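Each remark here refers to the structure printed beneath this line.
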Amino acid sequence: MAFAELLERAGGVGLFQALQVFTLLLPSMLVPSQLLMENFSAAIPGHRCWVHMLDNSSEAPANLTSKALLTISIPPGPNQEPHQCRRFRQPQWQLLDPNATATNWSEAATEPCVDGWVYDRSTFTSTIVAEWDLVCDYQSLKPMVQSIYMVGVLLGSFCWGLLSDRFGRKPSLSWCCLQVALANTGTAFASNFLIYCGLRFLSAFGVAGIIMTPVTLMVEWTTTRRRAVTITMLGCSYSLGQMILGALAFTIRDWRTLQLAVSMPFFAIFLISWWLPESARWLIIVGKPDQALQELRKVARINGHKQATKSLTVEVLLTSMEEEMAAAKARRSLLDLFLVPRLRWRSCGMFLVSFSQMVSYYGLVLDLQNLGSDIFLLQVLFGAVDLLGRATTTFLFSFLGHRMTLASFQTMAGLSILANVLVPQDLPTLRLVFAVLGKGCFGISLTSISVYKPELYPTALRMTADGFLQSAGRLGAVTGPLIRMTRQAAPLLAPISYGVIPMASTRTKVTLMDGGTWVAHPASGATPSGQSAYPSPSAPPHSLSLSNKNK
1 MAFAELLERA GGVGLFQALQ VFTLLLPSML VPSQLLMENF SAAIPGHRCW
51 VHMLDNSSEA PANLTSKALL TISIPPGPNQ EPHQCRRFRQ PQWQLLDPNA
101 TATNWSEAAT EPCVDGWVYD RSTFTSTIVA EWDLVCDYQS LKPMVQSIYM
151 VGVLLGSFCW GLLSDRFGRK PSLSWCCLQV ALANTGTAFA SNFLIYCGLR
201 FLSAFGVAGI IMTPVTLMVE WTTTRRRAVT ITMLGCSYSL GQMILGALAF
251 TIRDWRTLQL AVSMPFFAIF LISWWLPESA RWLIIVGKPD QALQELRKVA
301 RINGHKQATK SLTVEVLLTS MEEEMAAAKA RRSLLDLFLV PRLRWRSCGM
351 FLVSFSQMVS YYGLVLDLQN LGSDIFLLQV LFGAVDLLGR ATTTFLFSFL
401 GHRMTLASFQ TMAGLSILAN VLVPQDLPTL RLVFAVLGKG CFGISLTSIS
451 VYKPELYPTA LRMTADGFLQ SAGRLGAVTG PLIRMTRQAA PLLAPISYGV
501 IPMASTRTKV TLMDGGTWVA HPASGATPSG QSAYPSPSAP PHSLSLSNKN
551 K
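Sequential numbering from 1 applies to the sequence shown in the UniProt record's numbering.
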């Protein structure tokens, strides 16, 4: 009898599971507001150089209009709008002549914005870009802070996986919520860009734990047949969180106030998280059966199965978990993923897939301003299409299969991004359509890979493989914003890269992952024949068998 049967004794899926899912959906719903915050807090407003004659009312000639003063003070930019990063050294009076042309001045007559910039505050009253002048020569600092944040998530993923296995899921989640709340609140009061980056890094470190821990708690407190539903609900909460962020940013246009608005709920979630019971499965595996028994009996009472509290004993728990405890001791290393030839190719292919998806995904969702003028609407649409994609993925699997769904929609996502490169800026509606289509395709492909990858590995190596592929995805999330730092020197490099990378990896992954799938049960570790899929600690990795069952 495995732990799943112990859960059935405690009521299976009942009131406790419903309360737990609702509680864990709250922090998960707020994760997008942390990952995508710079879409709004670091939005780049319209700007031009500060000019004495134009912006100092005491020096402005009374007989000239603001438009005339702008003409003689600021040269036209590439789009014939006032240049954002240059100004005339001296007023170009000849440009007031009706017969003058835009070429009646030389580049030598201009200089950088030595006195700062004037910002358009009609959309945002305040952003970190306007507050710390992250424009022109410093515009690459915006994608840099986004990459710093993703580095924090990457390192946090490594650390919180180990810490939650060492100290438990519940204290890890509580600490992460408190860390995010404190770091984000401090970010709202940051006095300079360096402090802002440091606090955002600390926040990202905690967010990594909030991403990982709810999934683990849900899986370990849910019966096998209900697990897919709860994980789907968790994914939908991310989509809903994107929509909430767009609506919240539309209401709050000051970046410090917005930062506080998405920080305060984490203090409440920190307090609520102490209600959650620790994972009984984890408690048994780490040698705390008495505490695990208390948690199981508590769950049974909440689910209305009070009679189960008498039948649940320490002896029953230890007997039921004997196989899983033995499997936990048979630890596997990352090297085991590369010792078996077929596993080696699959691991390389899946690493490439995970990396390429996240490079393009975060390159797309962290650069809303380049996709359309109404970034609030775009954020809400991105969340809505992501929600729709997650809801329809299961149906697509039944028609196309896992592998074909993954390959086809990742290719479509890349094509949508490349199509947007060809659409001029004066066609915002068409650009919006391609952007939303690409986001929806990415949502489906990301869901596909999360379902498909467990089938490619034996149970004994699944957690090791999952950590390896999660790291690949986080590395891609770091790389995505970094590519955008080349925009000033090569404007088309970033969008072309975001479109080509997922398409190029599609053919590779189909080739590398072709073949059988591992069919060992993900929860119990038992194969369909009843044999354990966990080899003994002395068994070589190549002793693992492969089924020819294709998806």
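Glycine included, every Cβ here is placed at the ideal spot set by N, Cα and C. Quick caveat, the model's predicted, so the values are computed rather than measured.
For Ser41, which residues in the same chain have their Cβ closer than 7 Å to its Cβ, ignoring the five residues on either side in sequence?
When the five nearest sequence neighbours on each side are left out, the beta carbons in the same chain lying within less than 7 Å of the beta carbon of Ser41 are those of Thr127, Ile128, Trp255, Leu258, Gln259, in order along the chain.
Three-state secondary structure assigned by DSSP to Pro76
Residue state, collapsed to three classes: strand.
Quick one: does the C-beta of Cys177 sit closer than 6 Å to a heavy atom of the ligand SAH?
The ligand SAH is absent from the structure shown, which contains no ligand whatsoever.
Quick one: Cα of Leu234 to Cα of Met218, how far?
So the two alpha carbons sit approximately 9 Å from each other.
Go ahead and pull the three-state DSSP assignment for Ser126.
Note: Ser126 maps to strand in three-state DSSP.
So, does the region 157-167 touch the region 496-504, judging by three or more C-beta pairs under 8 Å?
The region 157-167 is not in contact with the region 496-504.
May I have the straight-line CA-CA distance separating Ile211 from Tyr149, to the nearest angstrom?
Their Cα atoms are separated by approximately 14 Å.
Would you mind giving the Cβ-Cβ distance between Leu446 and Phe351, rounded to the nearest angstrom? I have them listed as a contact below 8 Å.
With 8 Å as the limit, Leu446 and Phe351 do not qualify as a contact, their Cβ atoms being about 15 Å apart.
In the structure shown, what three-state DSSP assignment does Glu111 receive?
It is a strand residue.
Mind checking Asp336: buried by the 16 CB within 10 Å criterion, or exposed?
By the 10 Å Cβ count, Asp336 comes out buried.
Measuring straight from C-alpha to C-alpha, what distance separates Gly438 and Pro214?
Cα to Cα, the separation comes out at about 28 Å.
Looking at Thr506: is its Cβ nearer than 7 Å to the Cβ of Thr411?
Cβ distance < 7 Å, so Thr506 and Thr411 count as in contact.
Going by C-alpha distance, which of Gly476, Ala18, Asn39, Glu131 is nearest Thr223?
Nearest to Thr223 by alpha-carbon distance, out of Gly476, Ala18, Asn39, Glu131, is Ala18.
Give the straight-line distance between the Cα atoms of Ile72 and Met358, rounded to the nearest whole angstrom.
Counting only the Cα atoms, Met358 lies some 46 Å from Ile72.
Once you ignore the five residues that flank Gly187 on each side, which residues in its own chain have a CB closer than 7 Å to its CB?
Here the sequence assigns Thr to residue 187, which means Gly is not the residue at that position. Tyr196, Leu199, Arg200, Ser203, Gln259, listed in sequence order.
For chain C, is any of its Cβ atoms less than 7 Å away from the one on Asp336?
Of the protein chains in the structure, only one exists, and it is not chain C.
Please state whether DSSP places Phe189 in a helix, a strand or coil.
DSSP places Phe189 in coil when its eight states are reduced to three.
From the DSSP output, in three-state form, read off Arg86 for me.
It is a strand residue.
Would you give the residue range spanned by the beta strand (DSSP E) that Tyr119 belongs to?
Element bounds for Tyr119: 117-119.
If you follow the beta strand (DSSP E) that Cys136 is in, where does it begin and where does it stop?
Segment: none, Cys136 is in no beta strand (DSSP E) and carries neither H nor E.
Taking only runs of the beta strand (DSSP E) that begin and end inside the region 138-187, which ones reach a length of at least 3 residues, in chain order?
Those beta strand (DSSP E) runs which fall completely within the region 138-187 and span 3+ residues do not exist here.
Could you pull the start and end residues of the alpha helix (DSSP H) that Arg301 belongs to?
289-302 is the extent of the alpha helix (DSSP H) around Arg301.
4-residue-minimum alpha helix (DSSP H) runs that sit fully inside the region 387-459, ordered along the chain:
402-422, 428-452, all fully within the region 387-459.
Looking at Ser263 and Asn192, is the spacing between their C-beta atoms short of 7 Å?
For the pair Asn192 and Ser263, the CB atoms are not nearer than the 7 Å cut-off.
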